[in-house]
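Structure first, commentary second.
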Amino acid sequence: MKKKVTGFGKQHKEFPSLQVSFFTRAMAMEVCFGNHEEDEPNIAVSILRSMMKLGVDVRVLVIQNIVLAGGTCMIPGFKLRVKQEMQHIIENYKEFEDLKTLKEKIKFA
Numbered sequence: 001m002k003k004k005v006t007g008f009g010k011q012h013k014e015f016p017s018l019q020v021s022f023f024t025r026a027m028a029m030e031v032c033f034g035n036h037e038e039d040e041p042n043i044a045v046s047i048l049r050s051m052m053k054l055g056v057d058v059r060v061l062v063i064q065n066i067v068l069a070g071g072t073c074m075i076p077g078f079k080l081r082v083k084q085e086m087q088h089i090i091e092n093y094k095e096f097e098d099l100k101t102l103k104e105k106i107k108f109a
């Protein structure tokens with residue numbers, strides 16, 4: 001029997017009756033990027049708040065050597081999304097305006 005893949009999801013090799021929709025797969029990562037104004041967890045805000053606690057002279061070195069670890073970081077596009085979120089938050093929230101000069105220097109080790 002040939003496995004069928006639809007536009008709505010993918011079938012798992014070991015569980016052919018299990019089908020996960022694209023929406024479910026795509027939204028799984030959104031838990032890492034919640035609305036920080038509503039106290040939802042947001043990895044980019046956590047990194048930036050840690051940066052704000054550092055001395056001004058050390059921030060440049062640290063923002064160029066951010067280490068993301070764990071299985072979640074292997075998801076395609078995760079690092080890019082974290083970087084884009086960080087840049088957006090620095091640009092649009094007064095809490096992080098001290099980091100505006102570092103916005104373009106964000107790099108992951």
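The letter at position 91 of the sequence shown is residue 91 when you use my numbering, and the numbering goes up by one with no holes.
Cβ atoms here follow ideal geometry from the backbone N, Cα and C, with glycine treated the same way.
Where the beta strand (DSSP E) through residue i begins and ends
i, result
"glutamine 19", "19 to 21"
Coarse secondary structure for residue i, derived from DSSP in three states
i, result
"phenylalanine 108", "strand"
"isoleucine 75", "coil"
Terminal residues of the alpha helix (DSSP H) in which residue i lies
i, result
"aspartate 57", "56 to 63"
"isoleucine 85", "Reading off the sequence, residue 85 comes out as glutamate, not isoleucine. Its alpha helix (DSSP H) spans residues 78 to 92."
"leucine 99", "Careful: leucine 99 lies outside any alpha helix (DSSP H) and carries neither H nor E."
"isoleucine 47", "43 to 52"
C-alpha gap between residue i and residue j, whole angstroms
i, j, result
"isoleucine 43", "phenylalanine 22", "23 Å"
"methionine 86", "lysine 103", "8 Å"
"arginine 59", "glutamate 91", "17 Å"
"phenylalanine 15", "serine 50", "42 Å"
"serine 17", "threonine 72", "26 Å"
Residue i - partner residues in DSSP beta bridges
i, result
"phenylalanine 33", "Asn42"
Contacts around residue i, its chain only, beta-carbon distance under 7 Å, and the 5 residues preceding and following it disregarded
i, result
"lysine 83", "Ile106"
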